[in-house]
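S.K.: Per the working numbering, residue 61 is the first one in the first sequence, and the count goes up by one each step. Note that the Cβ used here is the ideal one computed from N, Cα and C, for glycine as well. As the structure is a computational prediction, the values presented were derived from the model and not from experiment.
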Amino acid sequence: MRILKEIYNKLLKHFGQQHWWPGESQLEIIIGAILTQNTNWLNVEKAIKNLKQANLLSINALDKMEVDKIAQFIKPAGYYNIKAKRLKNFINWLSKEYNADITQLESKSTDDLREELLGINGIGMETADSIVLYAFNKLSFVVDAYTYRIFSRHNLIPEETDYYEIKSFFEDNLTDDCNLFNEYHALIVRLGKECCKKTKPLCEKCPLNGINNYP
DNA sequence: TGCCAGGCCGGGT
DNA sequence: ACCCGGCATGGC
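What follows is the structure, encoded as C-alpha cells:
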C-alpha cells in the first residue's frame, strides 16, 4: 500500500523529524509511556521532572518507595494513584522475573516481550507497543486514538476497526524499519495535535487533504 | 470556561 | 463480546 508511505513522506516533509521518544533512558521511556495514558505530555514532563529531582528514576529507588509516596511525585500527570500502582506493577514484575535488570529484556523476541508486558496490570496494547518500540527499538507499530481518528476520518480505514486491524494495516504495508515505525507514530501524534480534533471534524489545512480518496 | 489529553481496568449487561 | 464509569491534573 504505497499510500501509507506517501502519507509518511508528506508528514515528514511538513513537520520534520520529531525525535521520539523524549527521554534519556529505557526506564524513563517506560515511565513516560505509563504516565502519558490519556494525558497531555506536558503534564507527564512535570511528573518525570519531580521523579528525577527526587532521584526516583531508578528501578531500585522505585522498588523501595511506597506506592503512596510515588503517587505524590507524579500528581501533575493525573490519575496519580492508579498510575503509581502501575509503575509499581512494572517494577515488581521486573524485580521478580528479571532480577531488576532491564537489559535482560533486550534479548527477548518482540512478540514475547509484548505479551509479557501485556500481562502486567496497567499496561495495555498501546503502552506495551510504545515500550517495545521506543524503549527497546523492536519492530512494533504503535496505534493510538489519533491514529484511529485521523485515518478513519480520511477514509483510510473503516469506522469499525479494532486495534490489531489498524496495527496490521501499518505493519503489513510498511517496510520493517524501526526508525520508520518510530517516526511515523510520532508524526501522527504531531498531526493529531494540530488537526482532526475531536470537536473539529473539519481540518481545512490538514496536510493530508487531497489524499483521502481511498477506493 | 469547559473540554480534552500519546489509556486501561473492572464490573455490569 | 461489548459498553461504561472511574481515574485527575493542567493547558488552551
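In terms of alpha-carbon separation, which member of Tyr208, Ile217, Glu220 and Lys227 lies closest to Lys258?
M.R.: Tyr208
S.K.: Taking the alpha carbon of Ala121 as the point to measure from, which residue in Asn181, Ala160 and Lys143 has its own alpha carbon closest?
M.R.: Ala160
S.K.: Measuring only the C-alpha atoms, how far is Tyr139 from Phe241?
M.R.: 29 Å
S.K.: Determine, using beta-carbon pairs with one atom in the stretch 196 to 213 and one in the stretch 249 to 257, whether at least three such pairs fall under 8 Å.
M.R.: yes
S.K.: Are Ala188 and Ile90 closer than 8 Å when you measure CB to CB?
M.R.: no
S.K.: Buried or exposed: which applies to Glu220, given that a residue is buried once 16 or more other Cβ atoms fall within 10 Å of its Cβ?
M.R.: exposed
S.K.: Which full runs of the alpha helix (DSSP H) of 4+ residues lie inside the stretch 86 to 154, going along the chain?
M.R.: 86 to 95, 101 to 113, 119 to 124 and 127 to 133
S.K.: Comparing alpha-carbon positions, which option in Lys70, Asn197 and Cys266 lies nearest Phe170?
M.R.: At residue 170 the sequence reads Thr, which differs from the Phe that was named. It is Asn197.
S.K.: May I have the straight-line CA-CA distance separating Asp172 from Glu264, to the nearest angstrom?
M.R.: Spanning the two alpha carbons is a distance of roughly 42 Å.
S.K.: Distance check for Phe201 and Lys227, CA to CA, integer angstroms please.
M.R.: 6 Å
S.K.: Report all residues from its chain with a CB closer than 8 Å to the CB of Gly270; omit the five preceding and five following residues, and keep chain order.
M.R.: none
S.K.: With burial defined as no fewer than 16 other Cβ atoms inside 10 Å of the residue's Cβ, what is the status of Pro275: buried or exposed?
M.R.: In this predicted model, Pro275 has a pLDDT of only 49, less than 50, meaning its place in the structure is not dependable enough to derive any value.
S.K.: Rounding to the nearest angstrom, what Cα-Cα distance links Gln77 and Val104 in this structure?
M.R.: 21 Å
S.K.: Consult DSSP for Glu166 and reduce its assignment to one of helix, strand or coil.
M.R.: The three-state secondary structure of Glu166, taken from DSSP, is coil.
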